[in-house]
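Novice: Pasting a structure below so you can have a look.
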Amino acid sequence: MIAEFRLPDLGEGLPEAEIVHWHVAPGDAVELNQTIAEVETAKAIVDLPSPFAGVVREVRHSAGDVVAVGEFLISFEVAGAADATAPDATAPDASAPDPHAAAAGQSRTAAPAEVSAAPSADDDVQTPNLVGYGAAPRTSARPQRRTRGGRPAAGADTAVLAAAPHDAVAPSAPEQARHERPRSTPPVRKLAKDLGVDLALVAASGAHGVITRADVEAHALRAVDGASAGIAAPAPTESTPSRETRIPIRGVRKATAAAMVRSAFTAPHVTTFVTVDVTETMRLIEALRADRRLEGHRIGVLAVVAKAVCLALSRHPELNSHWDEQAGEIVRFGYVNLGIAAATERGLVVPNIKDADALDLVALSDALGDLARVAREGRAGLDQLSGGTFSITNFGVFGVDAGTPILNPGEAGILGLGAVRRQPWEHEGAIALREVMTLSLSFDHRLADGEQGSRFLREVADVLREPGRAMLLR
Amino acid sequence: MTSIATGKASLTMGKALGAGLRRAMADDERVLVMGEDIGKLGGVFRITDGLLDEFGTARVIDTPLAESGIVGTAVGLALRGFRPVVEIQFDGFVYPAFDQIVCQVAKLHYRTRGRVRMPITIRIPWAGGVGAAEHHSESPEAYFVHTAGLRVVAVSNPQDAYTMLRQAIASDDPVVFFEPKRLYHSKGAVDLDAHIADAAPMGLARVMREGTDVTLLTYGAQVTTAMDAATAAEDEGLSLEVIDLRSLSPVDYRTVAASVRKTGRVIVTHEAAREAGVAAELIASITEQCFHYLEAPPLRVTGHDIPYPPAKLEKHHLPDLDRILDAVDRVLGRPNSFPEVTP
Amino acid sequence: MTYTPTTDTEHRSELDEPVQLLTPSGQRRRDPRLDEWADDLDLATLRGLYRDMTLARRVDAEGVALQRQGQLGLWAPAQGQEAIQVASARACRADDFLFPSYREHGVLLVRGAAPADLVLSWRGEVASTYDPAALNVAPPQIIIGAQTLHAVGYAMGIQRDGADQVAVAYFGDGATSQGDVNEAMVFAASFSSPVVFVCSNNHWAISEPVTVQAAHPIADRAPGFGIPSMRVDGNDAIACTAAMRWALDHARGGGGPVFLEAVTYRMGPHTTSDDPTRYRSSDEVDLWRARDPLTRLEALLRAEGAFDDAFRADVDADALSFTTQMRSAAIDAVSAAPLSVLDHVYAEPHTGLEEQRHRFSAYLDGFDGDEGSAR
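Residue numbers (the working numbering), protein chains in the order written: chain A, 15 to 488; chain B, 141 to 483; chain C, 6 to 380.
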């Protein structure tokens, strides 16, 4: 069996030694602890005693050579039951082609290697075989962390993660000389994360530029539509103190209220109504639902209305615009970001579908489905909650016909859908039971006049009455 | 021959400590007390008064003037199976014994993997506010808190002095036991029959006063100051929660964190200097555990980073009621003297 | 009486003359100060001394070799000091308690340390090895002189127990400069405690000669504290035995502390990291090689017809058996699991440490492989 001896750390952290003199040569018989060499370290000249009894096999380095700790010095042929315990020596094609294991099978190093770095056959990696604690030799390999794969006690620290993405510094704003994280307090940061608010975009009202809880709540619900028309207010109870319940005004409700007030008292609202026979639309929907090629896509009334709205808006851009008081301009949008008002557990939110006008009916229907789900789960992100250009509110699901919806702040129009009712209607000169729906359009009278609003509404209604008329619009 | 007091009494802290020692020595014949002037004189603060007459020179040892020697021989006595209670005459004199405390007392259990125990109690009359000469008003607790293997406690009232000293002596671990000398003569109720096994464990903090607005953490004589600050704050409609840590190693973070999560605002106050003091450690741990509950940065109200000043000037150094309330103002966002956070 | 400090080790004044009962060439001498304590030492006792001293020498050489072979991080050679170490320890009773420094390998061997006990701490596997209560030996002390106070405290405990054991403190010439050693002598004298101070003056504290530590013979300090003292030839196993018996008898009988200065020489470096060629001459080392403790005892035994080849072979075999076990204990040592570093800091649960243990354990669990999951 071959036994190797590598240069150990001879004196507390010395990285190398110079060979002064070899006392033995290959072929010499050597006893345990017999002095085989003299080496000089930074501290002293030291005799190296042989760790093995045997015959010298190979000697590397000559007198005058500087040898690093861990480098091979000398090997011996020693007596030992090597053949019985060296499986790799006899079966080189055995399972693990690990060079370290192979080496261990054929030879025995003088000292058990401290497993600090992964063993490697690479000559650059100097694995120390010392046990004394000196400085570990530097490897030329790139520093690497140990792979983790076991059972982590805790997942990612959501507390810290919560802080980061929502404190992102706004990418633009060239006048911002310093890139500072927005100032806030830990609980407010968490709130921002929960509401999907980027603190970098929130105006701070607290002292010294600290963003407060109220700031975040207001910002989060800037786009909320207060479609309170569809929801009957609870009948006022007699206000004797013992029969009152007090609910603190905070959170989503507070922000929603603020947004509604802002909208209602900024834009002059006009609402106009039309009642239309939508039987053909219902038949279309039935047919589309029965079409096997459209399986999985739930196309409903809302999708058809949404499509009609997008088509009509292309011909009535004044209803797809924004009154920019500060800039003194009216912004006409070349796209439709269609918002759909949704009632969630936390209150009313109006997420929008970007570029809804570019989607065909099927895609639009799918997008509506996704939006509904996201809103229901409270996962609507800021991006979805902002940038809308026109909105639809479907209060018909609550069983009412018409309303006077409040505009989503910053938008020109909002279309309210009533319930689809089966009722007597004039049809081809006779009275028949038809599916009938009322559309309620509120618009900003600064951006559109009565005629424009009415014509838009009429066009939407025409598509619902005769879906084929959509082809006239675009 | 032993005259162990029983029942409930109103005792000064000094007398309570003496009663505690007497009781511990009566309960366990392996308990010894040793130190300079503790026998015949009864100690420079009279804490050990009467013990020599009662227990004799075998168990009450007047030592040579050598702090390292006192602690080093205590190590040998502990190896022999005794439970030495060492008195370091004044806080500022503990430094010659520092090597024996840190290198030997603290480490022998660990380095022998549990075979050797060091049930040594090191009593240290501690801290200032008594108009003393130089080196007699030190607060060195941070050095010992930082040393693994030592337990560190600080008492703030006679009952704790009585009970916790007995608990410290009974503990198989070495305990550095800080006694605020400026409270040696203040009286309080002491239940002399208290069973140490039934009493609050030595490592537990105590909520001295419940409150909702700010958590005030402290220990030793500063507890009194903190309670005064809380009373004064009441007049301004503020509700401060005051916690006496009692144990500095380990710290009862369960009690502390529960309070911080409730109030969202925390101030740590101690007489010892600010830099790398015990407050720094507390705040690091509190921030880690209660980050999202914090409405304001945690603050420290401490001695300045100066050697303890001359007696006439010590009042400018000791963190008093006003400095504490200034910090309370700060954490509540009220006008205060703190300079603004520099951007 | 004035004393002129020297920078070499030749004794100039009769004050220095250590008590000697066996010359370097192996002649037996008489000295009235110790004869009564040496005259009854028989050949069997002397052969026992030789056997143990040989073991100490071989163990020491093996320790050095193992360090040079990378098996131990460090070793403090005790070569040359076998006589005082072995003789003093053999004179003690089993229930006496000994407080060694880090160089008293001979003392540990006499008290029954196992081969593994000699290497595992130098290898860095553990801080201390044997159970102090099993050998009645304190763990070796690295803080210079600290153990002298522990010995005195232990002796104060013996007094309180009304027992007749003796505490023995071992330390070097350098240690006598430390405050703790002087405080220990104050305490011991004031309380008349049963402690024997054994100062192995091996002439060097790393590179500082004894003349830096002592402008006056070390043994002469003790009377200044009120402690009887003797300066003895530390390479003379017979004188060391006799002196230790005298000292133990004095202390055990209620006579209070005793101080022995054993004049010897550190033949090797301070530790395997030291290079003595930088501060002392090879001439000085040769001078002391001629005063070797083993050769003089062997010479006496041969002259008495008590040393034959069979004895030689037997002694060598015993030593070889021990050193072979030392070697395998070092090479085959398995390091403790990572989490064990948090054990035994306290005797009773400490919440802060429990928290750290919990976290470190969870951290280790996150890694694949043996190292991560080892407990």
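Just so it is clear, CB atoms sit at the ideal spot from N, CA and C, and this is done for glycine as well.
Since this is a predicted model, take the numbers as computed values, not measurements.
Can you check which of these residues, F318(B), G328(B) and L453(B), is closest to F284(B) by C-alpha distance?
Specialist: Considering only alpha carbons, the answer is F318(B).
Novice: So which residues of chain B does T199(A) contact, with C-beta pairs closer than 8 Å?
Specialist: Residues of chain B passing the Cβ test: L434, E435 and A436.
Novice: Put C97(C) into one of helix, strand or coil per three-state DSSP.
Specialist: Of the three classes helix, strand and coil, the one that applies to C97(C) here is coil, per DSSP.
Novice: At the 8 Å Cβ level, is G163(A) part of the contact set with chain C, yes or no?
Specialist: At least one chain C Cβ lies under 8 Å of G163(A).
Novice: Taking 6 Å as the limit between beta carbons, can you name the residues of its chain near A301(B), skipping five residues before and five after?
Specialist: Correct list, in chain order: M153, A156, L157 and V295.
Novice: Chain C beta carbons: is any one of them nearer than 8 Å to that of T430(B)?
Specialist: According to the sequence displayed, residue 430(B) carries Cys and not Thr. So, not an interface residue.
Novice: Got a sec? Which residues, its chain only, sit under 8 Å from P137(C) by beta carbon, not counting five neighbours each side?
Specialist: Excluding positions up to five away in sequence, the list reads A143 and P144.
Novice: At least one CB of chain A closer than 8 Å to the CB of F372(C): is that the case?
Specialist: Yes, contact with chain A.
Novice: Can a CB atom of chain B be found closer than 8 Å to the CB of T356(C)?
Specialist: True, the Cβ-Cβ gap to chain B drops below 8 Å.
Novice: State yes or no: is the beta carbon of K204(A) nearer than 8 Å to at least one beta carbon in chain B?
Specialist: Cβ-Cβ to chain B under 8 Å: yes for K204(A).
Novice: Taking DSSP's pairing of strands, which residues face D40(C) in a bridge?
Specialist: D40(C) is not bridged to any residue.
Novice: Might you give, ordered along the chain, the residues of its own chain that have their beta carbon closer than 6 Å to the beta carbon of Q398(A), omitting 5 neighbours on each side?
Specialist: So the qualifying residues of the chain are P365.
Novice: With DSSP collapsed to three states, give me the class of T364(B).
Specialist: In this structure, T364(B) counts as helix in the three-state DSSP scheme.
Novice: Where does the unbroken beta strand (DSSP E) through K455(B) begin, and where does it stop?
Specialist: Element bounds for K455(B): not the beta strand (DSSP E) but the alpha helix (DSSP H), E454 to H457.
Novice: Can you give me, in chain order, the residues of the stretch 217–239 of chain A that have a beta carbon less than 8 Å from any beta carbon in chain B?
Specialist: Under the 8 Å Cβ criterion, the stretch 217–239 of chain A contributes A221 and H222.
Novice: Could you check whether the stretch 53–61 of chain C touches the stretch 330–344 of chain C, counting it as contact only if at least three pairs of C-beta atoms, one from each stretch, sit closer than 8 Å?
Specialist: Contact fails: fewer than three Cβ-Cβ distances are below 8 Å.
Novice: For A94(C) and V115(C), which I take to be in contact (beta-carbon distance under 8 Å), what is that distance rounded to the nearest angstrom?
Specialist: With 8 Å as the limit, A94(C) and V115(C) qualify as a contact, their Cβ atoms being about 4 Å apart.
Novice: Where do the ends of the beta strand (DSSP E) carrying Q466(A) lie?
Specialist: First-last for Q466(A): G464 to R479, but that is the alpha helix (DSSP H), not the beta strand (DSSP E).
Novice: Give a yes or no on whether the minimum CB-CB distance between R73(C) and chain A is below 8 Å.
Specialist: It does: the Cβ of R73(C) has a partner Cβ on chain A nearer than 8 Å.
Novice: Determine which residues of the stretch 122–140 of chain C have a Cβ less than 8 Å from any Cβ of chain B, and write them out in chain order.
Specialist: Correct list: V131, A132, S133, D136, P137 and A138.
Novice: Is there contact here, the stretch 187–204 of chain C with the stretch 222–231 of chain C, by at least three beta-carbon pairs under 8 Å?
Specialist: Yes, they touch.
Novice: Hey, could you find the ends of the alpha helix (DSSP H) H255(C) is sitting in?
Specialist: Per DSSP, H255(C) belongs to the alpha helix (DSSP H) from A242 to H255.
Novice: Look at S379(B) and T352(B) and say whether their C-beta atoms are less than 8 Å apart.
Specialist: The answer is yes: Cβ separation under 8 Å.
Novice: Measuring CB to CB, does A366(B) end up less than 8 Å from V391(B)?
Specialist: No, the Cβ-Cβ distance between A366(B) and V391(B) is not below 8 Å.
Novice: Look up E30(A) in the DSSP assignment and say whether it is helix, strand or coil.
Specialist: Strand, per DSSP.
Novice: Can you tell me the Cα-Cα spacing of L302(C) and A242(C), whole angstroms?
Specialist: Distance between the alpha carbons of L302(C) and A242(C): 8 Å.
Novice: From the DSSP output, in three-state form, read off S333(C) for me.
Specialist: Residue state, collapsed to three classes: helix.
Novice: Which bits of chain C does P65(A) rub up against, with CB to CB less than 7 Å?
Specialist: Per Cβ cutoff of 7 Å: Q74.
Novice: I need the straight-line Cα distance from A475(A) to E300(A), nearest angstrom please.
Specialist: Their Cα atoms are separated by approximately 19 Å.
Novice: If I measure Cβ to Cβ from H16(C) and keep anything under 7 Å in the same chain, skipping five residues before and after, which residues do I get?
Specialist: Since pLDDT at H16(C) reaches only 44, below the 50 mark, its modelled position is unreliable, and no value is offered.
Novice: Comparing alpha-carbon positions, which option in R223(B), R386(B) and A372(B) lies nearest P341(B)?
Specialist: Closest option to P341(B), Cα to Cα, is R386(B).
Novice: Any C-beta of chain B within less than 9 Å: which residues of the stretch 142–154 of chain C qualify?
Specialist: Listed in sequence order: A143, P144, Q146, I147, I148, A151, Q152, T153 and L154.
Novice: Return yes when the C-beta of P423(A) is under 7 Å from any heavy atom of the ligand ATP, and no when it is not.
Specialist: Among the components modelled here there is no ligand, and therefore nothing to report on the ligand ATP.
Novice: In chain A, what lies closer than 7 Å to A70(C) by C-beta?
Specialist: What A70(C) touches in chain A: N47 and P63.
Novice: Does the stretch 194–206 of chain C touch the stretch 172–185 of chain C, meaning 3 or more C-beta pairs lie closer than 8 Å?
Specialist: Segments in contact, yes.
Novice: Output yes if chain B places a C-beta closer than 8 Å to the C-beta of L113(C); else output no.
Specialist: For L113(C), the answer is no, since every Cβ of chain B falls outside 8 Å of its Cβ.
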